[in-house]
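Sequential numbering of the sequence shown, starting at 851, is according to our numbering. Quick reminder that beta carbons are idealized off the backbone N, C-alpha and C, glycines included. Inspection log for the structure reproduced underneath, given as structure tokens.
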Amino acid sequence: MAQVSRKILLISGSGRNVGKTSFTRRVIAINASHQLVAVKITPHFHEPSSGLIPLFVSDNYRIFQETDASSSKDSSLFLQAGAERVFYIQATDTSLEEAFNLVTVQLSPLQPILVESAALRTILVPELYIFIQKNFEEIKPSAVEMQKLADLIVYSDSGQFSIDPALITFNEKWNIPINDNA
């Protein structure tokens, strides 16, 4: 059974270029006063760019702290948006839990964490899970399974979202707007 993780907002999506990073940046900006930590997770191993300081490296994962707030990389954009600290994790699916735990043990248990990753949902239940999908887009079967687990599905279209990211707030826990008409 997946562990339930408090203070974690998890964002994933139906694929590439659906607006995950844009949405994430806006959520960070509105919640920057809470000393939020952002984490970007990928299963792809690439050479680190300048600004990524290696913290932990093994054959199955690499964990970096982002220090460059001036580039166009997602992790740098999270710093620009106001995250107090940003971690970038490259990990195989089988080593993701170990890698993520190496990051979380460095943080205060009261500190809010925003994570952009689909795979992380397979190993933990976040306080809030948001799935982003382009309007009218068919999604692959693996994404359909992740969508079913979401607390909130947000539809994107050319940088616009069906839910304003500014409505996703942290006040001792992650909060989502409640539709009184539901």
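(message) For Gln-1010, tell me which candidate among Ser-862, Ser-864, Arg-876 has the shortest Cα-Cα distance.
(response) Arg-876
(request) Check Lys-857 in the structure and name its three-state DSSP category. (result) strand
(request) Go ahead and pull the three-state DSSP assignment for Val-889. (result) strand
(message) I'd like the ranges of any beta strand (DSSP E) spanning at least 3 consecutive residues and lying wholly in the segment 909-952.
(response) 911-916, 935-941
(message) Given this structure, state the Cα-to-Cα distance separating Ser-900 from Glu-988, to the nearest angstrom.
(response) 36 angstroms
(request) On a CA-only basis, which of Ser-1012, Pro-1015, Phe-986, Ile-982 is nearest Leu-999? Give me that one, please. (result) Ile-982
(message) Lys-857 and Ile-939 - do their beta-carbons sit closer together than 8 angstroms?
(response) no
(request) Could you pull out every residue in the same chain whose Cβ sits closer than 7 angstroms to the Cβ of Asn-1021, ignoring the five residues on either side in sequence? (result) none
(request) Determine the burial state of Leu-860: buried for a count of at least 16 other Cβ atoms within 10 Å of its Cβ, exposed for fewer. (result) buried
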